[in-house]
RNA sequence: CGGGGCGUAGCUCAGCCUGGCAGAGCGCUGCGUUUGGGACGCAGAGGCCCGCGGUUCGAAUCCGCGCGCCCCGACCA
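Numbering (the working numbering), first residue to last: 3 to 592.
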């Protein structure tokens, strides 16, 4: 590609909507353009990077036994109603109507469609196992797009769906996808760590997320400093700090004027927050709509309620929201002084595991200005217990007793064991070897393509610009021509080299513009191709071409006759350096 | 959906408080000089000042109502 003809230009200033360094570099480099909130166009450079990422994904999916399909974005709403996800996704699903007023949805994901496809075309156990995958646009009406390309409303996703006859088969497919994912992220230069995750609205159980650690991440991950346990806080198990053992003491009222928060209460009474019980009121409303159920969640004062865990403890299928003041009054609760003792019978009380071994806590007395001392679960009040509190840095690891640490991160990919969620919803069966019916068990495996793009830039840039990982760079080589308009020999040299490099199979961008050297070098650094070659009068006269590696700054003058071979070798070395092993090393030292 | 910020040239922004010709830098076009890390001169092009309504002789500027974008939270496979 000649840069004089390339559509799109670099900007000198960072556009003000740039939310992260990576987002800013992509905007400045002429890679992407925002059309509206959460919707981006890709210019030629950005599109090439996207396609390179897709190529890596295709290669790894095909190697792992996947077969690519192409599925509709326009989908009948009935399909979503049948799986129950029309309600589960709610406003996140884009709804529309055709001219005959038929209800349609824009595909937010494709489990329903692919399950139907499988049903129509799989006939017997001989069609198992099957792994179908697609790399396509998906649409989600996100409540708040953010983070540049991180949370958007229209995006490219690779989704794979596996169908197996039994658990062993599913485990094999899952393991194959897991390994493919490690290879994909490594080859794309994005260090990720696999962590245990909540399955959310997609259903199923047993899922892992591939997380790219970054301060601007949306998720909080805890990981053990001793063993390899790592999990999203939506899911993370942990050992609660132990409470001091003590015999239950008689309950007594204590006046606590103005102490409406745990912090205020602990200060007022001169005790540790862990010696209190914290009450959080929520309303659990069915996804389908309708009247909600009041929920009274109790955790020890040193912990926080985790809404995802709470939702799962309630059996799922509900939306949780904080209770309105009017509802608090309606159910006879006293904000700041609420008590699980004598909670109204129409309020669902649920206690965190931390309450079980923590005697003599201070809890609300259910009247303004008063608390109760020495409240004990099981003696003074009763409620089912569950893990409904968030793990935090400093807590104990549930696996090995080590200490948990935490970091922010972005989900790059997610692998799920769906099992029978969709085959059951659509009553999918194939003929078994014994003549009976077999219901396939499913897995699904997603990767956000633009998230990889964004994370690859975040993980690979410096002050001057992007340093693309070689396997996903829009071009392999950036050729800079200096003063070619004033030197016929240098110009001929550059043109010849441009042709030779392309003939050798390299993707080359050739800066043939009539610009000053500084402009060209700065643009080359900004848009970030992995290798740079400079052809100029003085180099041509000396029979050399300047060679430089973008990421390291290392370089040398190569004899003209060796240039193509040396560049090929250097490029191969960069691509091979993007291995699973090197990625693991980088992730560990994040 | 709650709280906050912003909206003027392709980009970054000034002008608004205190109403009176639509501005700067960068970028862009042409000509000339220059040429190894974002040169210089000359001449130009480029605007629904987010929209609608109101106040006023007169509105980018004041008032009202919308819309859009961004941030924090709620939400989020």
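Glycine included, every Cβ here is placed at the ideal spot set by N, Cα and C.
Here the structure is a predicted model, which is why all the values come from computation and not from measurement.
Asked	Found
Answer with buried or exposed for residue 122, where buried requires no fewer than 16 other C-beta atoms within 10 angstroms of its C-beta.	exposed
Quick check: what's the CA-CA separation for residue 50 versus residue 181?	26 Å
Note down, in chain order, each residue of its chain lying with its Cβ closer than 7 Å to the Cβ of residue 32, except the 5 sequence neighbours on either side.	10, 11, 12, 45, 47
Would the beta-carbon of residue 276 fall within 8 Å of that of residue 243?	yes
Whole angstroms are fine: how far does the CA of residue 368 sit from the CA of residue 150?	47 Å
Give the C-beta separation of residue 412 and residue 213 to the nearest angstrom, bearing in mind that I take them to be a contact with Cβ-Cβ under 8 Å.	7 Å
Anyone know if the C-beta pair for residue 164 and residue 441 falls short of 8 Å?	no
Starting from residue 421, trace the beta strand (DSSP E) in both directions and tell me its first and last residue.	406–421
In the DSSP assignment, what residue or residues form a beta bridge with residue 373?	256, 366
Please go through the same chain and pick out, in chain order, the residues whose beta-carbon is closer than 7 Å to the beta-carbon of residue 216, but skip the five residues on each side of it.	410, 411, 412, 460
Using DSSP with H/G/I as helix, E/B as strand and the rest coil, what is residue 383?	strand
At what residues does the alpha helix (DSSP H) containing residue 78 begin and finish?	No alpha helix (DSSP H) holds residue 78; the beta strand (DSSP E) holding it covers 76–78.
With DSSP collapsed to three states, give me the class of residue 511.	strand
Can the beta-carbon of residue 264 be found closer than 8 Å to that of residue 287?	no
Would residue 90 pass as a contact of residue 134 if the rule is Cβ separation under 8 Å?	no
Are residue 109 and residue 141 touching if we call contact CB-CB under 8 Å?	yes
Check for me: the alpha helix (DSSP H) holding residue 321 runs from which residue to which?	Counting along the chain, residue 321 falls outside any alpha helix (DSSP H), though it belongs to the beta strand (DSSP E) covering 320–324.
Beta-carbon within less than 7 Å of residue 503's beta-carbon, same chain only, minus the 5 sequence neighbours each way: which residues are those?	479, 510, 566, 569
Which same chain residues end up closer than 6 Å to residue 280 when comparing Cβ atoms and leaving out the 5 residues on each side of it in sequence?	264, 301, 303
Name, in chain order, the residues that DSSP records as bridge partners for residue 388.	354
Per DSSP, what kind of secondary structure is residue 33 in: helix, strand or coil?	coil
Please return the same chain residues whose Cβ sits closer than 8 Å to the Cβ of residue 233, not counting the five positions on each side in sequence.	197, 198, 199, 223, 224, 225, 239, 393
Pairs of beta-carbons, one from the region 320–329 and one from the region 347–356, closer than 8 Å: are there three or more?	no
Could you tell me whether any non-hydrogen atom of the ligand GDP is closer than 7 Å to the CB of residue 493?	The model on display carries no ligand, and the ligand GDP is accordingly not part of it.
Kindly indicate which three-state DSSP category residue 201 falls into: helix, strand or coil?	coil
Could you tell me whether the region 144–158 touches the region 14–34, where touching means 3 or more Cβ pairs closer than 8 Å?	yes
Please determine, among 558, 495, 383, 486, the residue with the shortest C-alpha to C-alpha distance to residue 253.	383
Counting along the chain, where does the beta strand (DSSP E) carrying residue 213 start and finish?	209–215
Keeping to the same chain, check which residues put their C-beta closer than 7 Å to that of residue 67; ignore five residues upstream and five downstream.	133, 178
Compute the distance between the beta-carbons of residue 418 and residue 84, then report whether it is under 8 Å.	no
Please classify residue 251: does DSSP put it in a helix, a strand, or coil?	coil
Counting Cβ pairs closer than 8 Å, one from the region 388–405 and one from the region 421–439, do we hit at least three?	no
Which two residues bound the contiguous beta strand (DSSP E) that contains residue 157?	156–166
Quickly, what does DSSP pair residue 140 with across the bridge? List them, please.	157
Please confirm whether residue 70 and residue 186 have their CB atoms less than 8 Å apart.	no
Taking all protein chains shown into account, decide if residue 65 is buried (16 or more other Cβ within 10 angstroms of its Cβ) or exposed.	exposed
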